[in-house]
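Everything in the sequence shown is counted per the numbering used here, starting at 2 for the first residue and increasing by one.
From the three backbone atoms N, C-alpha and C, an ideal C-beta is built for every residue, glycine too.
The model shown is predicted, which means the values in this text are computed figures rather than measured ones.
Have a look at the structure below before the remarks.
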Amino acid sequence: MRQRRLKNLESKYEAYEDLLIYEPPQMKGRWRELSGGRPVFIEIGCGKGKFISELAGREPENHFIAIEGNMSVMLRAMEKIREKDLTNVTFVPTHAGDLTDWFADGEISGIYLNFSDPLPKNYWYKRRLTYRERLRSYFRVLDRNGTVVFKTDNTGFFEWSVLETAAADLRILDLTRDLHADPEAAADNIETEYEAKYSGLGEKIKRAVIGRGEAAGTEEKYRNG
Ligand code: SAH
2 MRQRRLKNLE SKYEAYEDLL IYEPPQMKGR WRELSGGRPV FIEIGCGKGK FISELAGREP
62 ENHFIAIEGN MSVMLRAMEK IREKDLTNVT FVPTHAGDLT DWFADGEISG IYLNFSDPLP
122 KNYWYKRRLT YRERLRSYFR VLDRNGTVVF KTDNTGFFEW SVLETAAADL RILDLTRDLH
182 ADPEAAADNI ETEYEAKYSG LGEKIKRAVI GRGEAAGTEE KYRNG
């Protein structure tokens with residue numbers, strides 16, 4: 002049964018070959034060729050693609066790489082991009098590990114983490130996408146002004162991530178613990194699938210924008226590990 006489902010999925014993927022990169026390490030240092038020179042942004046865990054399809058439509062001057070470890074939900078995301086006839090989104094159907102395997106230093110302009118898995122068991126903390134070592138590696142592949150924009154409804158995960166940001170010696174450039182109640186922050190917000198679901202259940206949506214901040218010379222420091 003599982004075999005048949007996989008075959009079925011693979012044949013559906015054939016229609017989207019032009020949108021897919023199966024071997025991201027082979028693209029390291031070359032993503033700007035793929036984007037036609039446009040700045041490259043990534044979303045880790047794009048789910049069914051509501052966010053990335055809206056953002057890519059709104060920002061045709063940028064290119065987006067949607068990474069998703071679950072191939073069936075990614076199929077929904079690719080359908081949305083096709084329906085909208087967008088040419089500025091590329092999909093990577095794999096779980097993201099160390100981004101420095103896939104991207105050269107400074108190759109990326111921004112990273113979106115939307116409702117990443119909170120992995121509540123304590124011994125999984127190193128696998129959370131906002132673990133300090135991961136945050137540091139993001140800032141190796143991000144360019145000088147690059148940021149990580151992180152949204153979640155999960156209070157514990159959010160506060161832990163704020164502490165991880167400090168532990169990674171990075172800066173919180175902007176923070177809200179109730180995004181939808183903050184008119185300025187909400188104005189250009191694109192709601193994700195999970196966001197709609199959990200805010201509908203009364204959860205407050207938190208958002209942090211993480212950057213290198215003002216401190217001079219920090220970029221060199223991260224490059225040198
Ligand atoms: N961003 C979407 C989905 C959130 S659920 C939304 O806000 O609605 C989290 C998603 O991240 C899941 O689809 C899961 O498969 C994916 N995911 C978790 N870890 C990942 C990783 N390391 N690389 C790629 N995708 C990942």
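Would you mind stating whether residue i and residue j have Cβ atoms separated by less than 8 Å?
{"i": "T148", "j": "G111", "result": "yes"}
{"i": "N115", "j": "G46", "result": "yes"}
{"i": "L171", "j": "I211", "result": "yes"}
Taking 7 Å as the cut-off, is the beta-carbon of residue i closer than that to any non-hydrogen atom of the ligand SAH?
{"i": "V149", "result": "no"}
{"i": "G48", "result": "yes"}
{"i": "F116", "result": "yes"}
{"i": "T101", "result": "no"}
{"i": "I68", "result": "yes"}
{"i": "V227", "result": "Any answer about residue 227 is impossible in this case: the structure gives the chain only from 2 up to 226."}
{"i": "A97", "result": "yes"}
{"i": "I22", "result": "no"}
{"i": "V142", "result": "no"}
Alpha carbons only, please: which of the options is nearest the one belonging to residue i?
{"i": "F159", "options": "R208, E204 and S200", "result": "R208"}
{"i": "I66", "options": "E84, A97 and Y126", "result": "A97"}
{"i": "V93", "options": "M28, V150 and L143", "result": "M28"}
{"i": "L10", "options": "I43, R39, V74 and I22", "result": "V74"}
{"i": "F30", "options": "P40, K85 and F104", "result": "Here the sequence assigns Gly to residue 30, which means Phe is not the residue at that position. Selected option, being the one with the closest Cα: F104."}
{"i": "F151", "options": "S162, D144 and V142", "result": "S162"}
{"i": "K13", "options": "K122, S200 and L76", "result": "L76"}
What is the C-beta distance between residue i and residue j, in whole angstroms, given that I count them as a contact (C-beta under 8 Å)?
{"i": "M79", "j": "Y17", "result": "5 Å"}
{"i": "P26", "j": "D102", "result": "5 Å"}
{"i": "L120", "j": "R129", "result": "5 Å"}
{"i": "T91", "j": "L20", "result": "6 Å"}
{"i": "I53", "j": "E62", "result": "Between E62 and I53 the Cβ distance is about 15 Å, and since that is not below 8 Å, they are no contact."}
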